[in-house]
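Notes follow once the structure below has been shown.
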Amino acid sequence: MNESPAIAAVCIDQPLPQLDRLFDYLIPEDMAAQVKPGCRVRVRFGRRKVSGFVIAVKPSTDFTGKLLWISDLVSPEPVVTAEVAALARAVADRYAGTLTDVLRLAVPERRVRVEAENRSEPLPVAAPIDGDWKRYIAGEAFLRALRETKSPKAVWNALAGEDWPARLAEAAAATASAGRGAVLVVPDQADLDRLDAALEAILGPDRHVTLSAQLGPTKRYRSFLKAARGEVRIVAGTRAAAFAPVADLGLVAIWDDGDESHVDRHAPYPHAREVVLTRANLSGAACLVGGYGRTPQAQLLVETEWAVSMVASRDEIRSATPRIVPVGDESDLERDPSGGTARLPTVAWEAARAALAKHQPVLVQVPRRGYVPAVSCQRCRTRAACPNCSGPLRLLGARRAPVCGWCGVVAEDFRCAECGGTRVRAIVIGAERTAEELAQAFPDTQVVESTGVNRLDAAPQGAAVVVATPGVEPPAQGGYGAVLLLDTWALLTRAELTASEEALRRWMNAVALARHDGTAVVVADGGLAVVQALIRWDPAWFALQELEDRSELGFPPVMRFAALTGPNGEAEKLAADLPADLGAEAIGPIPVDEHTERLLLRVRRRDGAALASTLAKATAERAGSKAEPVRIQIDPREIA
Numbered sequence: 015m016n017e018s019p020a021i022a023a024v025c026i027d028q029p030l031p032q033l034d035r036l037f038d039y040l041i042p043e044d045m046a047a048q049v050k051p052g053c054r055v056r057v058r059f060g061r062r063k064v065s066g067f068v069i070a071v072k073p074s075t076d077f078t079g080k081l082l083w084i085s086d087l088v089s090p091e092p093v094v095t096a097e098v099a100a101l102a103r104a105v106a107d108r109y110a111g112t113l114t115d116v117l118r119l120a121v122p123e124r125r126v127r128v129e130a131e132n133r134s135e136p137l138p139v140a141a142p143i144d145g146d147w148k149r150y151i152a153g154e155a156f157l158r159a160l161r162e163t164k165s166p167k168a169v170w171n172a173l174a175g176e177d178w179p180a181r182l183a184e185a186a187a188a189t190a191s192a193g194r195g196a197v198l199v200v201p202d203q204a205d206l207d208r209l210d211a212a213l214e215a216i217l218g219p220d221r222h223v224t225l226s227a228q229l230g231p232t233k234r235y236r237s238f239l240k241a242a243r244g245e246v247r248i249v250a251g252t253r254a255a256a257f258a259p260v261a262d263l264g265l266v267a268i269w270d271d272g273d274e275s276h277v278d279r280h281a282p283y284p285h286a287r288e289v290v291l292t293r294a295n296l297s298g299a300a301c302l303v304g305g306y307g308r309t310p311q312a313q314l315l316v317e318t319e320w321a322v323s324m325v326a327s328r329d330e331i332r333s334a335t336p337r338i339v340p341v342g343d344e345s346d347l348e349r350d351p352s353g354g355t356a357r358l359p360t361v362a363w364e365a366a367r368a369a370l371a372k373h374q375p376v377l378v379q380v381p382r383r384g385y386v387p388a389v390s391c392q393r394c395r396t397r398a399a400c401p402n403c404s405g406p407l408r409l410l411g412a413r414r415a416p417v418c419g420w421c422g423v424v425a426e427d428f429r430c431a432e433c434g435g436t437r438v439r440a441i442v443i444g445a446e447r448t449a450e451e452l453a454q455a456f457p458d459t460q461v462v463e464s465t466g467v468n469r470l471d472a473a474p475q476g477a478a479v480v481v482a483t484p485g486v487e488p489p490a491q492g493g494y495g496a497v498l499l500l501d502t503w504a505l506l507t508r509a510e511l512t513a514s515e516e517a518l519r520r521w522m523n524a525v526a527l528a529r530h531d532g533t534a535v536v537v538a539d540g541g542l543a544v545v546q547a548l549i550r551w552d553p554a555w556f557a558l559q560e561l562e563d564r565s566e567l568g569f570p571p572v573m574r575f576a577a578l579t580g581p582n583g584e585a586e587k588l589a590a591d592l593p594a595d596l597g598a599e600a601i602g603p604i605p606v607d608e609h610t611e612r613l614l615l616r617v618r619r620r621d622g623a624a625l626a627s628t629l630a631k632a633t634a635e636r637a638g639s640k641a642e643p644v645r646i647q648i649d650p651r652e653i654a
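Count along the sequence shown from 1, add 14, and you get the number used in the numbering used here.
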């Protein structure tokens with residue numbers, strides 16, 4: 015008597031929200047030995063064939079209709095492990111998305127030739143020495159717990175000048191020495207390159223892989239398969255690496271979780287930190303959230319006792335932190351009258367000159383790239399707008415007419431719409447203009463720029479000035495002799511919830527590159543809490559203040575938000591259909607452009623899962639009825 019064919023539960027590659035479920039298919043007898051959970055197949059869906067992943071194989075089905083057979087086995091290679099499938103489902107639910115969308119983020123494009131390559135056994139990893147983890151309270155205990163296959167959870171604030179890639183590599187080595195895997199997530203390729211080098215140095219060759227879009231499809235898929243096949247136990251990468259198919263996971267870690275690069279630009283827009291935390295919960299792995307700064311979200315983990323705070327003693331902090339000098343309050347102005355008006359106050363100029371005299375490089379951080387990225391009317395100070403499209407005008411160079419940042423029109427005959435003025439003044443000075451000014455101030459010194467468009471991998475050795483925008487400051491061998499933080503008001507006065515938090519994160523990342531005996535000058539009022547946190551190198555204190563303030567005001571992470579963006583009126587319709595017992599408070603809508611508006615929904619944190627579930631269901635119903643689509647983003651960065 016023939017046995018009944020096995021059933022494959024398949025996630026089909028269809029982004030429609032009303033299809034966000036598994037579909038059962040019969041497995042043909044000639045495929046039975048190869049169709050396993052995680053493999054790629056093609057199935058008949060409607061009138062055409064679609065691709066999909068087999069999520070599970072089971073003996074029976076609850077479906078009462080007639081089942082179809084799997085059409086083709088695309089590849090027997092299991093690329094979606096049971097653990098990653100559960101993680102993807104949880105992330106989709108957390109962000110009101112679909113399993114298909116999350117798996118697109120998690121699994122790279124297939125490369126047939128890579129699957130034919132020979133396999134190898136994982137190489138052993140020796141337990142590392144504790145290194146500088148002993149500088150942190152509970153640091154040695156954290157590594158010891160990893161070696162003992164325990165699952166500690168910590169929020170780590172690194173000291174200024176810390177070799178954080180080496181510390182992460184040591185944590186990964188401690189985990190792998192006990193036979194478990196580790197996943198390390200960093201914001202961008204430059205950070206990944208540094209971590210890659212540290213892992214190679216501490217683990218030895220061929221014991222880890224990296225995952226990032228910049229690898230290219232073939233190399234990325236090769237690294238992915240090495241992890242999926244168990245050939246390596248350690249994976250480091252950018253945000254998608256949080257889903258890496260590492261077996262026997264013992265540690266998940268994320269560096270600089272406040273960096274906006276950790277937020278995926280594709281639906282359902284997950285934050286890598288939330289993926290890492292979800293994975294730690296589901297797998298029982300250890301978790302490390304590290305950075306020079308600390309986000310309120312990370313502080314909440316400490317306040318709820320989900321994680322411990324891992325910081326250095328005050329003595330260690332004092333010995334590692336360069337002298338940080340604020341210039342901006344009344345007492346500062348008495349010592350340096352230029353501090354309130356000059357872009358480079360005397361104390362900053364002297365710090366730079368002293369460092370250059372010692373043949374040490376100087377880092378100057380400015381908020382924006384370009385020459386003069388924003389201008390206003392010189393007479394009435396109204397922001398200068400393009401006469402063609404009303405976009406912001408900017409200057410691309412000295413003695414050049416303003417240019418529109420939107421349509422590119424050159425405003426040869428600028429005239430202010432408010433007062434009729436014909437001359438403009440700078441609102442914000444960009445990196446290019448700053449470099450020009452510093453080249454004049456230090457005529458015999460090399461001055462270079464590092465921006466998102468043209469990023470330097472390392473600072474020039476010796477006496478040099480590096481003008482950089484936040485996030486692309488190149489490290490200097492031995493550290494910078496001076497770090498100057500200019501135009502700080504441009505960060506602090508942004509109309510965003512995270513303005514102060516983001517300013518502190520960017521400042522700390524820059525000051526961390528200074529020598530311990532160097533000087534950092536921040537052109538800001540020393541009485542501000544955010545500046546005090548920088549001077550004291552105490553981001554945990556500031557994160558707690560931010561968390562308490564947001565708790566009083568009802569903002570994330572204490573509350574859960576959802577942003578609904580769609581054609582005028584559609585977001586309100588969707589919100590109006592939500593059940594009253596959800597307790598969702600609507601804020602807005604506000605116009606995005608002439609035809610689009612944005613509505614915010616706010617609920618208590620404990621109701622966040624219910625909000626996401628309700629929104630996902632509503633989205634599916636609207637899609638099924640051919641209603642206008644509304645984009646849903648849970649805890650958008652503009653709020654969170």
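Backbone N, C-alpha and C fix where the C-beta goes; we use that ideal spot for every residue, glycine too.
Neighbourhood of residue i by C-beta distance below 8 Å, restricted to the same chain and skipping five residues each side
i: residue 555; result: 547
i: residue 102; result: 94, 113, 116, 117, 120, 257
i: residue 43; result: 19
i: residue 614; result: 575, 576, 577, 578, 600, 601, 602, 653
Option nearest residue i by Cα separation, candidates the options
i: residue 223; options: 241, 230, 216, 215; result: 241
i: residue 583; options: 563, 610, 79, 184; result: 610
i: residue 256; options: 178, 299, 402; result: 299
i: residue 373; options: 538, 120, 478; result: 478
i: residue 180; options: 155, 193, 142, 449; result: 142
i: residue 596; options: 24, 396, 623; result: 623
i: residue 397; options: 466, 365, 410, 416; result: 416
i: residue 625; options: 369, 557, 647; result: 647
i: residue 195; options: 229, 297, 208, 592; result: 297
i: residue 51; options: 25, 75, 59, 633; result: 25
i: residue 437; options: 408, 645, 175, 463; result: 408
i: residue 80; options: 162, 266, 58, 228; result: 58
i: residue 225; options: 212, 215, 197; result: 197
i: residue 418; options: 461, 487, 404, 459; result: 404
First and last residue of the uninterrupted beta strand (DSSP E) at residue i
i: residue 324; result: 322-324
i: residue 647; result: 645-648
i: residue 219; result: No beta strand (DSSP E) contains residue 219, which DSSP labels as neither H nor E.
i: residue 605; result: 599-605
i: residue 573; result: 573-581
i: residue 328; result: Per DSSP, residue 328 belongs to no beta strand (DSSP E); it is in the alpha helix (DSSP H), 328-334.
i: residue 485; result: No beta strand (DSSP E) holds residue 485; DSSP gives it neither H nor E.
i: residue 390; result: 388-391
i: residue 534; result: 528-536
i: residue 340; result: 337-340
Range of the contiguous alpha helix (DSSP H) that encloses residue i
i: residue 630; result: 622-638
i: residue 170; result: Element bounds for residue 170: not the alpha helix (DSSP H) but the beta strand (DSSP E), 167-171.
i: residue 128; result: 126-129
i: residue 549; result: 543-550
i: residue 454; result: 445-455
i: residue 610; result: It is not in any alpha helix (DSSP H) - residue 610 instead sits in the beta strand (DSSP E) that spans 610-618.
Residue i versus residue j: straight-line alpha-carbon distance, rounded
i: residue 329; j: residue 527; result: 19 Å
i: residue 499; j: residue 515; result: 16 Å
i: residue 536; j: residue 35; result: 53 Å
i: residue 262; j: residue 236; result: 20 Å
i: residue 351; j: residue 340; result: With a pLDDT of only 47 at residue 351, under the threshold of 50, the placement of this residue in the model should not be trusted, and no figure is reported.
i: residue 155; j: residue 185; result: 11 Å
i: residue 284; j: residue 78; result: 35 Å
i: residue 107; j: residue 83; result: 29 Å
i: residue 6; j: residue 363; result: Because the chain here runs from 15 to 654, residue 6 falls outside it and cannot be looked at.
i: residue 489; j: residue 476; result: 13 Å
i: residue 568; j: residue 560; result: 12 Å
i: residue 280; j: residue 247; result: 28 Å
Proximal residues to residue i (C-beta, below 6 Å), its chain only, five neighbours per side dropped
i: residue 650; result: 577
i: residue 169; result: 303, 312, 315, 316, 321, 323
i: residue 122; result: 234, 235, 238
For residue j and residue i, believed in contact at Cβ under 8 Å, the rounded distance
i: residue 543; j: residue 32; result: Actually they do not touch by this definition, with Cβ atoms about 48 Å apart.
i: residue 139; j: residue 187; result: 6 Å
i: residue 481; j: residue 470; result: Wrong, their Cβ atoms sit about 10 Å apart, outside the cutoff.
Neighbourhood of residue i by C-beta, 7 Å cutoff - its chain only, sequence neighbours within 5 removed
i: residue 96; result: 51
i: residue 99; result: 69
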